[in-house]
Structures are given as C-alpha cells and as structure tokens.
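Protein chains in written order, with the working numbering: chain A, 4 to 888; chain F, 372 to 496.
The structure under discussion appears below in the form of structure tokens.
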C-alpha cells in the first residue's frame with residue numbers, strides 16, 4: 004500500500020517503511036528513523052498539518068506578469084529557452100519536432116538566428132524540465148544559467164526529493180539536483196524568467212534555510228581559517244616566549260646567588276613546572292604531528308622537532324625526579340633548550356606563514372578582480388543581476404567608472420577602458436562599436452552597451468586564473484633532485500642523529516651521555532626539510548603570478564626552465580613583427596591625375612574584390628572620406644589583379660605582370676616601384692584607358708615596439724630569426740628595418756614547423772613566437788611556443804607561454820622573467836642544500852676535535868627557523884622583478 | 372670499550388635499522404576506489420598523512436577523490452598532484468573534491484605542498 008510520510012511528505016510503500024507508529028487509532032508510516040522520532044515528539048503538529056503538507060509540495064502558482072514573459076491566459080505558459088549547439092537551420096526543425104511531440108506543448112518554434120526556442124505549454128500537464136528533456140533527446144543542450152545554493156536543515160533523504168520536485172515545478176527552472184552530502188542544490192534556470200529570490204523563497208517555504216555559496220565564499224573561509232591558524236600560532240609563540248625568559252634565567256644559578264641558594268632539586272622542579280605548559284600548549288602541534296605522521300610510516304619536520312625536544316625534556320625529567328639513575332656528573336637538565344627551541348621554531352613558522360601568504364597574492368588579486376554584479380537589459384529594462392546570471396548574448400550596460408562584468412563586443416557608445424589588470428598595458432584602450440571588451444577591466448569615461456560573448460568559466464579572467472593556478476601546481480624539472488632528497492630526508496636525519504649519539508657516547512669526552520644527548524638533539528633540530536620543499540614551489544608561485552600581472556601567462560615550471568635556456572627565437576612576421584593589417588602607405592599619381600582621385604578609383608574597383616590588399620585600399624579611401632564610385636564589368640584576374648569600368652573608363656589595377664600583359668608603358672615608374680619593394684612595400688599599378696595613372700604602395704606596418712623588442716632579445720643573447728611567407732625581397736627589407744640578420748622567406752604556413760626543426764638540428768633551443776592558427780604546429784614543435792596577442796585557443800593550447808597583449812617586447816620580458824625565476828630557484832635550492840649539508844655535520848660536532856666548536860641546540864633551532872624564512876623571503880624578492888629595457 | 376658503550380652502540384644500530392625499515396621498507400596496504408555508476412570514488416582522510424595513501428584506480432574512468440582534512444596544522448593544507456597539474460587547498464574540517472581522469476597506467480604520487488606527506492595513485496588497466 005502506498006502511504007505518505009507525515010513528516011517529510013515522501014510517498015513510500017507501507018511494506019518497505021523504516022518504521023511505523025500508531026497514534027489515536029491511526030497508523031503512520033515513516034521513511035526514516037529521524038522522521039519517526041520527530042513525529043513521536045509532537046504528533047499533533049504533523050497530523051493537523053498533514054493535509055496541507057502534501058500541498059506544500061506544489062509551490063504557489065506564480066504571479067504572471069508581462070515582465071516575466073508569462074501569458075495571463077489560463078494555465079498556458081510561454082517559455083523562451085536558449086539552445087546551444089545549433090549549427091544549421093535544419094537543427095531548428097529537429098528541435099521543434101521533438102518539442103511538439105511532448106504532450107502538453109501547444110506551440111513550439113525555434114529561432115535559429117537568436118538560438119532560442121519559444122514554447123507555449125500547459126503547466127498543468129508538464130513542467131519545464133520535460134521540455135528540456137525533449138531538447139536534450141534531440142541532441143542539443145540548453146543554455147540556462149547555473150546557480151548553486153546551499154541548503155541547511157535537510158534531515159532525511161526524502162528532503163532531497165521534495166526540494167527537487169518543488170524546484171522543478173517553478174516555470175523557468177530547467178534542471179534541479181540536490182546533493183545531501185554537500186548540502187547544496189544545483190539549479191539550471193532561465194534568468195530572464197526567474198529571480199534568484201523566487202528560488203530561495205521556494206526552498207524557504209518548504210522549511211529549509213538557504214545559504215549563499217559562491218566562489219568568493221570558500222575563499223573567504225580559507226582566509227579566515229588562515230587567520231585563525233595564524234592567531235593560534237601567535238598565542239602559542241607568546242606563551243613559549245614569555246615562559247622562556249624565567250626558564251633561561253633559572254638555568255644559570257651561578258649568575259644569581261639568591262637563586263643558587265635554593266636546593267638544586269627544588270630549582271629543577273620549578274623549571275619543570277614552567278616548561279610543561281610550553282610543551283603541552285605551544286609545542287603540542289609538534290608531538291601530535293609526530294605521532295600522526297608516524298602512524299602513516301612517514302616523518303616530517305614535526306618528527307625532527309618532536310623527537311629532539313622530547314628527548315631533551317625526558318632526560319631533564321629523569322634527572323629531576325629520578326636523580327638516583329644518574330651518576331653525579333650526568334645530573335643535568337635542559338629545560339631551557341626545550342622551551343627556547345619551541346619558541347624559536349614557532350616564530351619561524353609565523354614568519355613563514357606570513358611570507359607564504361604573500362607568494363599567492365598575485366592569483367588572489369586576479370580572483371578578486373571579478374565583478375559581482377552586471378547591469379543587463381532584459382525585456383527593455385535595465386536590471387542589476389549577479390554576474391553569474393549574465394548569459395551569452397545579453398546586452399550589458401556599463402557606466403563610467405564601473406567594472407566590465409564579462410567579456411563581450413561593444414554594440415553602442417564609446418569609452419576608454421583601463422585593461423592594465425589583465426594585459427599589464429598601462430595606457431587605457433579606446434573602445435567603440437565592434438571592439439572587444441574584457442571582463443574585470445575598468446571603464447574610465449563614457450558609457451557603452453556591449454553584447455556578452457563569454458561568461459562564467461569561459462571569460463578571459465577565468466581562463467587566466469585557471470592557467471596560473473595550473474602553472475603554480477607544476478614543478479620545474481630542477482626540483483626533481485630536491486624531491487628525491489626530501490622524500491628520504493627526515494628518516495636519514497634521524498639515523499644520522501642516532502649515529503652521532505653512538506659516536507659521542509663511545510668516543511666523546513666526559514660527560515659522554517650529556518654530549519651525546521646534546522649533539523643528538525642538535526642534529527635533529529638543525530635539519531630543515533622545509534627549506535628544500537619550499538625552494539621551487541614558492542619561486543614558481545611568485546614568478547608565474549608576476550607574469551600574470553604583466554599579461555604573461557606561463558604554463559608551468561617546465562616552461563620556465565626551458566625558456567631560460569633558449570638560444571634562438573623565431574618570430575613570425577605577419578601579426579608578430581608587423582600589425583598583420585596592411586595599409587596604403589604611398590600614393591604616386593601620374594599624368595595629371597590627383598592622388599585622391601587615384602585612390603578613390605582604385606577603391607571603387609577593389610570594393611568588389613576580396614583580396615586583403617584590396618581591403619586596405621578601400622579602407623584607406625574611406626578614412627580619407629573619399630567618394631567611391633561604382634565599378635561595372637568587374638573581373639578579377641587571379642594572381643595578377645582586377646579590371647573594371649568606372650564612369651565609362653577602363654581601369655586596370657594589379658602587379659607588374661598584369662601591366663606587362665596589357666602592354667602598358669611602365670618606364671617612368673620602374674625605379675619607384677623598385678624602391679617600394681626595397682622598403683618592404685608591395686607596389687600596385689593603376690592604368691586608366693591603357694595609360695599608366697599611378698602606383699599605390701601597400702605595406703603591413705611594423706609594430707611600434709618591434710625594433711626595441713628585437714634589440715632586447717639580442718641583448719639577452721638570443722639569435723633572432725624571422726619567418727614569413729613573403730617574397731625574399733620584401734622580407735629582407737622588413738628584417739633590415741627591425742634589425743634581424745637571419746630569416747626564412749617564402750615559407751608556406753604548413754612548413755613553419757619544419758624550419759623550427761631545422762634550427763633545433765643546428766643545436767639551438769628554439770622559442771617560436773606566433774599568433775595564429777597556422778602557427779600552432781610550429782609553436783608545438785618549438786621548445787618553447789609563445790602565443791602572442793589574445794590569439795586563438797589553438798595557439799594558446801600549443802604554446803608554453805601566452806602573451807595577452809600583442810606586444811613583442813613582452814617576449815623579452817617573459818624570457819627575462821623566466822631567467823630571474825630560475826636564478827631565484829637555484830639560489831633557494833643551493834641555499835637549502837648548502838645549509839643542510841653544512842649544518843648537520845657541524846651539529847654532529849665534526850668541528851669539535853679540531854676547533855673545540857660544538858653547536859648549541861638553541862642556535863640550531865634559530866638557524867633552522869631562519870633557513871625556511873630565508874627561502875620564502877628570497878622567493879618574494881621576485882615580486883620586485885622589472886624587465887631591463 | 373665499556374659494557375654500557377657496547378650496549379648503547381648495539382641498541383643504537385638496531386634503532387637506526389628499525390627507523391630505515393619502518394619508514395622505507397614497510398609495505399603499505401593499498402585500497403581500491405569504489406566504482407559507482409562509472410565514477411571511481413574514494414574518501415581520503417587527511418590527518419598528518421593520507422588515509423588511505425595508496426589508492427588503486429582503473430584507467431580512463433573519472434576518479435573522484437573526497438579529501439577530508441581533519442586538522443588545522445598547516446602542513447597538510449595543500450595537496451598537489453603534479454602529474455595531473457592539480458594543486459588544491461584543503462580547508463580544515465571540510466570535504467574537498469578533486470576529480471581526475473587517469474589516462475595512463477602507472478603510479479602517480481601526490482603530496483603536500485612541501486612534499487612531506489605522501490600518497491600514491493596507482494592506475495591499472
């Protein structure tokens with residue numbers, strides 16, 4: 004028999020119920036123990052509301068308004084669903100069919116142009132998730148916004164069902180899944196139909212609490228945890244430091260006659276009493292850590308400090324309370340050692356925590372850049388919505404001084420935008436219709452509207468954050484040795500300490516036990532595995548973070564390490580050295596024609612052509628505001644040029660070969676055209692009615708910073724090589740202008756990788772800089788591929804370094820940064836190897852036979868604390884990295 | 372050599388040998404990730420070490436690792452899977468899910484930020 008649980012409203016089988024209770028002659032069945040317990044405590048409450056509880060499952064019918072797009076009529080609801088993955092108009096038909104097949108759908112039309120489905124359906128019969136299923140079964144995805152809400156107060160499994168069901172009934176909710184484990188609901192919905200508040204209300208109405216979860220919350224929690232941890236450490240340190248003072252004074256009775264008058268054992272008991280709180284409170288983490296690691300057959304820094312201080316304390320304890328065990332000369336206590344070591348290590352940890360926090364500042368700053376809200380236009384009205392609710396295609400309004408919420412393309416208005424936080428470029432960029440804007444950048448003056456193109460995890464900021472995070476998880480190959488060593492380090496140090504003890508006990512001077520114990524403790528304390536472990540990761544964190552600040556994304560430790568070893572760098576000409584956008588540089592008119600007329604005439608002819616050089620001519624005429632006539636009888640002569648009629652005159656436009664084939668006399672301009680070619684420009688001849696009228700020179704202008712960038716690359720010691728598909732004459736001219744000595748010209752796009760390989764065979768470690776799709780194989784072939792400009796995803800994928808701003812000087816900066824980071828890592832690794840390999844033998848007393856020098860364990864602990872702080876601080880120096888011009 | 376010195380030497384050497392055996396030679400137990408609906412899931416408690424720390428999974432199937440850090444000691448606050456390019460902070464007393472897709476057979480180490488606490492993901496065919 005089917006029954007309803009009176010507590011949670013779940014429908015269950017009476018046979019399979021978890022339990023049942025009888026109340027006032029009625030039987031009640033329950034899905035879980037907790038529901039049964041609730042009922043037992045207050046049955047009246049649930050019986051009386053029993054009839055309404057089933058109603059609660061269906062939320063109140065939505066208020067329908069024009070704004071939300073709901074029809075006022077009857078129960079028919081109108082829904083607009085964004086669809087992803089429609090690649091052709093016929094897809095629309097497929098989806099329409101699939102929607103219409105759902106019983107309860109009255110009308111369905113799919114618009115391919117705006118990628119949306121419009122559905123009118125009977126809300127009594129079906130819910131929006133049903134429509135979604137139909138779309139998915141046709142093989143397409145819906146483009147709803149995704150929301151995660153934390154839910155508190157879910158006591159049994161049936162709550163999940165109840166909430167999911169209620170959420171799915173809200174028109175506009177496409178999918179709803181509730182995870183009781185993480186106590187959170189994931190809701191896919193159509194933001195134009197629903198406000199966040201409605202979803203929250205629905206959950207609250209069911210009797211649960213909602214909690215905001217967003218990306219910034221866990222991070223705040225992390226920050227709070229770090230702060231709490233820091234405060235705890237600080238309190239531990241304070242106690243240890245304060246108590247260390249009397250313990251230290253008390254350990255030297257010879258300096259204080261009054262104190263010396265107190266019997267020795269009484270003194271020791273007082274010292275013991277002072278040391279115990281230091282051990283139990285301040286030092287507890289070392290002992291707990293030692294034990295926990297020990298259980299896992301591993302040993303770490305805690306083990307060294309725990310065993311070291313523990314040994315000193317236990318010896319002192321025995322000498323204090325069981326002096327009979329020791330001969331007179333061995334009765335000694337080391338309470339001061341125990342307490343001071345703990346205090347010093349703690350202060351080291353405090354400083355280290357502070358410094359370590361700073362290594363990840365760059366990425367935290369990047370994450371903090373994300374705008375929280377956006378002003379979007381929906382149904383003709385401007386709405387402030389959380390940035391997570393912005394959809395692709397939304398029109399977003401940005402006012403002066405505001406942060407741009409997501410990536411997109413400007414539709415109307417113009418402004419200047421400060422993009423320095425993403426690109427590292429200090430000068431604000433001008434933006435007008437058609438320009439791309441990047442989320443998280445700041446609008447300066449002027450306001451504009453833009454169409455959202457990338458949202459959520461696809462925005463450039465999210466991509467950058469992801470890439471930097473990934474990079475920071477990697478290691479440089481140079482770390483491998485340190486890793487191998489640190490894996491064996493602690494147990495080896497313990498063995499060394501034991502051996503030291505034996506040697507001092509067997510061969511040392513009297514009192515042997517005391518010396519053996521001191522050296523044993525000192526060896527354990529001085530060894531610092533932390534410095535080894537921190538050496539590379541902290542440098543990479545700071546280095547990659549610094550790169551991101553400058554618009555340089557480095558894929559990881561390996562890329563850093565290879566980049567600093569480069570010997571040659573290949574620059575693709577188009578788009579890397581040059582702007583990649585040809586421009587008319589010279590207009591030379593002949594035979595009485597005005598320069599502007601020549602340009603206008605050429606533009607008229609080229610308007611019908613699709614050649615990139617033609618585009619440059621048209622653009623140039625447009626810029627000058629010239630009136631462009633209409634060409635008739637247009638024909639393109641492949642590889643040569645174009646021909647057409649303008650105002651009754653026959654016009655020819657093209658290269659030398661075209662002119663020759665029409666027997667046009669060129670002798671007046673041959674010198675000029677040769678000069679153009681030598682300057683790296685392409686000459687274009689124009690003839691009107693079989694008579695030469697002039698030459699246009701078109702060139703792809705060199706980027707402003709190319710020359711400087713190439714000089715800087717040469718200063719670093721790299722051989723700079725240009726690669727291009729241009730003819731050798733033009734290529735040579737460009738190379739000469741920017742100061743490049745070696746080049747590969749007339750290279751087909753798919754051959755670029757071959758030339759990179761050729762350089763590698765010459766023994767070069769090659770970096771390749773390129774921007775486009777056809778560079779991807781060459782970027783991948785190179786030891787370090789550097790994608791320049793916002794470029795294509797493929798280029799980014801194939802490259803080790805991405806330069807967000809298309810500036811060539813960033814290549815030099817990136818290589819300098821990699822050199823600086825690698826130098827930093829080497830310093831850290833050398834420092835920590837040197838420290839440990841020098842410190843441990845000295846601590847073991849190797850200098851004692853020769854110079855009588857024996858290290859105090861207190862000095863050892865100070866050195867140990869200082870060493871890891873030094874490593875982190877050294878890494879932080881990288882934050883001050885500045886590229887040398 | 373005095374008797375006490377002989378005793379100290381011999382027991383010291385035994386102790387050293389014990390340290391080497393305990394930390395290096397002891398064979399640890401492996402645990403296989405549970406396979407539910409195509410996802411291999413396992414809970415790993417983090418408390419001075421990873422429990423379990425040797426995890427066997429199948430190739431080409433999503434692995435969901437639920438790390439639960441049961442301490443505030445900063446040593447274990449970050450877990451790194453260098454081969455999968457994952458570095459994640461583990462907030463204390465909280466579940467942190469790390470999803471990986473092992474596409475190669477082999478043994479892949481994971482460890483804390485300082486490479487002191489170790490675990491291994493063993494990927495089998």
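The beta carbon of each residue, even a glycine, is placed where N, CA and C say it ideally should be.
| Item | Value |
| --- | --- |
| The beta strand (DSSP E) with residue 696 of chain A in it runs from where to where? | 694–702 |
| What does residue 451 of chain F reach in chain A if we use C-beta pairs closer than 7 Å? | 476 |
| Taking 7 Å as the threshold (beta carbon to beta carbon), is residue 467 of chain F in contact with chain A? | no |
| Using the three-state DSSP reduction, which class does residue 363 of chain A fall into: helix, strand or coil? | coil |
| Just checking: is the beta-carbon of residue 43 of chain A within a distance shorter than 7 Å of some beta-carbon in chain F? | no |
| Return yes when the Cβ of residue 607 of chain A is within less than 7 Å of the Cβ of residue 640 of chain A, no when it is not. | no |
| Using Cβ-Cβ distances below 9 Å, what residues of the segment 288–305 of chain A are close to chain F? | 288, 291, 292, 293, 294, 295, 296, 297, 298, 299, 300, 301, 302, 303, 304 and 305 |
| Just the chain F side, please: which residues come within less than 8 Å of residue 125 of chain A by C-beta, in chain order? | Under the 8 Å cutoff, chain F gives no residues; its nearest Cβ is about 34 Å from residue 125 of chain A. |
| Can you look up residue 16 of chain A in the DSSP assignment and give me helix, strand or coil? | strand |
| Against chain A, with Cβ distances strictly below 7 Å, would residue 387 of chain F count as a contact? | yes |
| My understanding is that residue 804 of chain A touches residue 558 of chain A, with C-beta atoms under 8 Å, so please give their C-beta distance in whole angstroms. | 7 Å |
| So, for residue 574 of chain A: in the same chain, excluding its five sequence neighbours on each side, which residues have a beta-carbon less than 6 Å away from its beta-carbon? | 580, 725 and 772 |
| Looking at the structure shown, is residue 465 of chain F part of a helix, part of a strand, or coil, going by DSSP? | coil |
| What runs of the beta strand (DSSP E), each 3 residues or longer, lie entirely inside the segment 428–461 of chain F? | 434–440, 449–452 and 457–460 |
| Going by CA-CA distance only, name the one from A/401, A/778 and A/653 that's closest to residue 445 of chain A. | A/401 |
| What are the complete beta strand (DSSP E) segments, minimum 3 residues, inside the segment 552–625 of chain A? | 555–557, 571–575 and 586–592 |
| Should residue 447 of chain A and residue 426 of chain A be called a contact, given that it needs their Cβ atoms to be closer than 7 Å? | no |
| For residue 753 of chain A, which three-state DSSP category applies? | helix |
| Can you list the residues of chain F that residue 46 of chain A reaches, using a CB-CB cut of under 9 Å? | Ordered by position in chain F, no residue passes the 9 Å Cβ test against residue 46 of chain A, which lies about 36 Å from the chain. |
| Compare the C-beta of residue 438 of chain F against all C-beta atoms of chain A and say whether one is closer than 7 Å. | no |
| How far does the alpha helix (DSSP H) with residue 889 of chain A in it reach, from first residue to last? | This structure leaves residue 889 of chain A out entirely; chain A is present only between 4 and 888. |
| For chain A, is any of its Cβ atoms less than 7 Å away from the one on residue 383 of chain F? | yes |
| Using a Cβ-Cβ cut-off of 7 Å, state whether residue 536 of chain A counts as contacting chain F. | yes |
| Between which two residues does the beta strand (DSSP E) containing residue 740 of chain A stretch? | It is not in any beta strand (DSSP E) - residue 740 of chain A instead sits in the alpha helix (DSSP H) that spans 731–741. |
| Can you confirm whether residue 404 of chain F, when its beta carbon is compared against all beta carbons of chain A, has any partner nearer than 7 Å? | no |
| Reducing DSSP to helix, strand and coil, say where residue 267 of chain A ends up. | helix |
| Tell me where the beta strand (DSSP E) around residue 457 of chain A begins and ends. | 451–457 |
| Is residue 636 of chain A helix, strand or coil by DSSP? | strand |
| Relative to the alpha-carbon of residue 298 of chain A, which residue among F/450, F/457, F/392 and F/420 has its alpha-carbon at the smallest distance? | F/420 |
| Would you kindly report the start and end of the unbroken beta strand (DSSP E) that includes residue 22 of chain A? | 22–26 |
| Compare the Cα-Cα distances from residue 686 of chain A to each of A/694, A/485 and A/672 and report the closest residue. | A/672 |
| Starting from the beta carbon of residue 457 of chain F, find every residue of chain A whose beta carbon is closer than 7 Å, and list them in chain order. | 476 |
| Pull up the DSSP beta-bridge partners for residue 426 of chain F, would you. | F/402 and F/492 |
| With respect to the beta strand (DSSP E) encompassing residue 711 of chain A, which residues constitute its N-terminal and C-terminal limits? | Careful: residue 711 of chain A lies outside any beta strand (DSSP E), inside the alpha helix (DSSP H) at 709–719. |
| Expressed to the nearest angstrom, what Euclidean distance is found between the alpha-carbon atoms of residue 234 of chain A and residue 354 of chain A? | 12 Å |
| Shortest alpha-carbon distance to residue 430 of chain A belongs to which of A/808, A/880, A/186 and A/828? | A/808 |
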